[in-house]
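Q:
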Amino acid sequence: MPVISVITPVHPPSLPYLTEAYESLAAQELPPGWAWEWLVQEDGETGLLDGVLPTDGRVLPGSGRRGGPGVARMMALSRASGELIKALDADDVLAPGALVRDIAALEDPAIGWTTCRVLDLFPDGTTAGVDSDPEEGPIECGAILRYWQHNGYVSSVVAGTLCIRRELLLELGGWMALPASEDTGLVLAANASSDGYFVATCGMYYRKWPGQVTASAAHNDDAERLARMKLIEERAEIMLARRRCPTAPSHTDRGSDPGSAAGT
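Quick note: the sequence shown uses full-length UniProt numbering, first residue 1, plus one each step.
Here it is, written out as structure tokens:
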């Protein structure tokens, strides 16, 4: 039976939202014969997840030495059995049909990864979209990287929606060893190495709240941010050159959305 493995790193501030994340996953419909598993990984060994997760054989909790979200994701990956790996942050919510759309796009062997449209979810329950989304369809190798470079290191896709073939994920070295933006680094590496696909139907609600990592002062420190961007860019450029992919901007190279945290 084919499996899609959903990976969620957890740290204390995001714990109150974990139930909503599970409910959105449990409500997903899958193609016949498919199954999902949820790898929930505490970033640390404090027992944070004890008694919190539902009794569901598809939910697989784990913990390990504290190392940040990238390390937590990688340790969860070591326990995953799926041929497809789907990212889901603990404070975000999957939209109905998200997984079935990812699986459908990846039926094409030429596609290595997918991302999808998101709606920002505010504390009062209202939502809002962004205007930088690509059009529905394939994303050429290098297109997301070029958009990101031309728009102040802001991506046209949300890294937190990534669904990727396990083999490609491992070939790329997984999530980058960075204190933040490790998911952006992975998306740009994937885009530099393989064609992807953008699903224009909303597949995730991106929660906006004061405790989110992207709102922290440390995440937005200029010196550290530029260091992260430098490493992400350099790695992706090397991968792109080695793959001899097209480097011309494509349909994704449109105006930026400075207010979005998607690419940082």
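Cβ coordinates follow ideal geometry from the N, Cα and C atoms, glycine included.
Return the first residue and the last residue of the beta strand (DSSP E) that I238 is part of.
A: Here residue 238 is taken as the residue at index 238 of the sequence shown, counted from 1. Taken as a continuous stretch (DSSP letters only), I238 belongs to no beta strand (DSSP E), being part of the alpha helix (DSSP H) at D222 to R243.
Q: Can you tell me whether M204 is buried or exposed? The criterion is at least 16 other CB atoms within 10 Å of its CB, across all chains shown.
A: Numbered from its first residue, the sequence shown carries residue 204 at position 204. M204 comes out buried.
Q: S24 to L106, Cα distance in whole Å?
A: Numbered from its first residue, the sequence shown carries residue 24 at position 24. Numbered from its first residue, the sequence shown carries residue 106 at position 106. Taking the straight line from one Cα to the other gives about 21 angstroms.
Q: By DSSP, does R58 sit in helix, in strand, or in coil?
A: If you number the sequence shown from 1, residue 58 lands on position 58. Correct three-state label for R58: coil.
Q: Note down the Cα distance separating R242 from I232, rounded to an integer number of angstroms.
A: Numbered from 1 along the sequence shown, position 242 holds the residue referred to as residue 242. Numbered from 1 along the sequence shown, position 232 holds the residue referred to as residue 232. Near 16 angstroms, if we compare the C-alpha coordinates of I232 and R242.
Q: Would you call the stretch 64-83 in contact with the stretch 107-124, where contact means no fewer than 3 C-beta pairs closer than 8 angstroms?
A: Result no; under three Cβ-Cβ pairs closer than 8 angstroms.
Q: Note down, one range per segment and in chain order, each beta strand (DSSP E) of at least 3 residues found wholly within the UniProt domain "Glycosyltransferase 2-like" (5-110).
A: 35-43, 59-64 and 84-87
Q: Go ahead and label residue 292 buried or exposed: buried means 16 or more other beta carbons lie within 10 angstroms of its beta carbon, across all protein chains shown.
A: Outside the shown range of the chain (1 to 264) lies residue 292, about which nothing can therefore be said.
Q: Output needed for G174: all residues of its chain with C-beta closer than 6 angstroms, excluding positions within five of it in sequence on either side, in chain order.
A: Here residue 174 refers to the residue found at position 174 of the sequence shown. Excluding residues within five positions, the ones whose Cβ falls inside 6 angstroms are M74.
Q: Check each candidate in L18, E29 and A35 and name the one with the smallest Cα separation from Q41.
A: As a position in the sequence shown, residue 41 is number 41, starting the count at 1. Nearest option by C-alpha distance: L18.
Q: Do the CB positions of I144 and N191 come within less than 7 angstroms of each other?
A: By 1-based counting over the sequence shown, the position of residue 144 is 144. By 1-based counting over the sequence shown, the position of residue 191 is 191. Yes; because the gap between Cβ atoms is below 7 angstroms, this pair is in contact.
Q: Do you know offhand how far G185's Cα is from V52's?
A: By 1-based counting over the sequence shown, the position of residue 185 is 185. By 1-based counting over the sequence shown, the position of residue 52 is 52. Between the alpha carbons of G185 and V52 lies a distance of about 31 angstroms.
Q: If contacts are defined as beta-carbon pairs under 8 angstroms, then D195 and C141 qualify, I think. What distance do you get, rounded to the angstrom?
A: Your numbering for residue 195 matches position 195 in the sequence shown. Your numbering for residue 141 matches position 141 in the sequence shown. D195 to C141, Cβ: 5 angstroms. Contact.
Q: In this structure, does DSSP put V157 in helix, strand or coil?
A: To locate residue 157, count along the sequence shown from 1; it is residue 157. In the three-state reduction of the DSSP assignment, V157 falls in the coil class, being assigned neither a helical nor a strand state.
Q: Does the Cβ-Cβ distance between D92 and R235 come in under 7 angstroms?
A: Taking the first residue of the sequence shown as position 1, residue 92 is located at position 92. Taking the first residue of the sequence shown as position 1, residue 235 is located at position 235. Judged by their CB atoms, D92 and R235 are not nearer to each other than the 7 angstroms cut-off.
Q: At which residues does the beta strand (DSSP E) containing A200 begin and terminate?
A: Here residue 200 refers to the residue found at position 200 when the sequence shown is read from its first residue. Where A200 is concerned, the enclosing beta strand (DSSP E) stretches over G196 to R207.
Q: According to DSSP, is D183 part of a helix, a strand, or is it coil?
A: Reading the sequence shown from its first residue, position 183 is the one you call residue 183. Correct three-state label for D183: helix.
Q: Which partner residues of A128 appear in the DSSP bridge assignment?
A: Stepping through the sequence shown from its first residue, residue 128 is reached at position 128. Looking at the DSSP assignment, A128 forms a beta bridge with D120.
Q: Where do the ends of the beta strand (DSSP E) carrying C141 lie?
A: In the sequence shown, the residue the question calls residue 141 occupies position 141. C141 -> no beta strand (DSSP E), and no H or E assigned at all.
Q: For S5, which option in C163, A180 and K230 has the closest C-alpha, if you only look at C-alpha atoms?
A: For the purposes of this step, residue 5 is taken as residue 5 along the sequence shown, with counting starting at 1. Nearest C-alpha to S5: C163.
Q: W175 by DSSP, collapsed to three states: which one?
A: Mapped onto the sequence shown, residue 175 falls at position 175. Three-state result, W175: coil.
Q: Return the Cβ separation of T201 and L88 in integer angstroms, given the expectation that the two are a contact with Cβ distance under 8 angstroms.
A: Here residue 201 refers to the residue found at position 201 of the sequence shown. Here residue 88 refers to the residue found at position 88 of the sequence shown. So it is not a contact: roughly 17 angstroms between Cβ atoms.
Q: Report, in whole angstroms, the separation of the C-beta atoms of R66 and D43, which I expect to be a contact under 8 angstroms.
A: Against the sequence shown, residue 66 aligns to sequence position 66. Against the sequence shown, residue 43 aligns to sequence position 43. Between D43 and R66 the Cβ distance is about 6 angstroms, and since that is below 8 angstroms, they are a contact.
Q: Run the CB neighbour count on F122, radius 10 Å, all protein chains shown included, and call it buried at 16 or more, exposed below.
A: Position 122 of the sequence shown, counting from 1, holds the residue named residue 122. Its Cβ having fewer than 16 others within 10 Å, F122 is exposed.
Q: If E37 and V3 are in contact, beta carbons under 8 angstroms, what's the gap, nearest whole angstrom?
A: One-based indexing of the sequence shown puts residue 37 at position 37. One-based indexing of the sequence shown puts residue 3 at position 3. With a Cβ gap of about 6 angstroms, E37 and V3 count as contacting.
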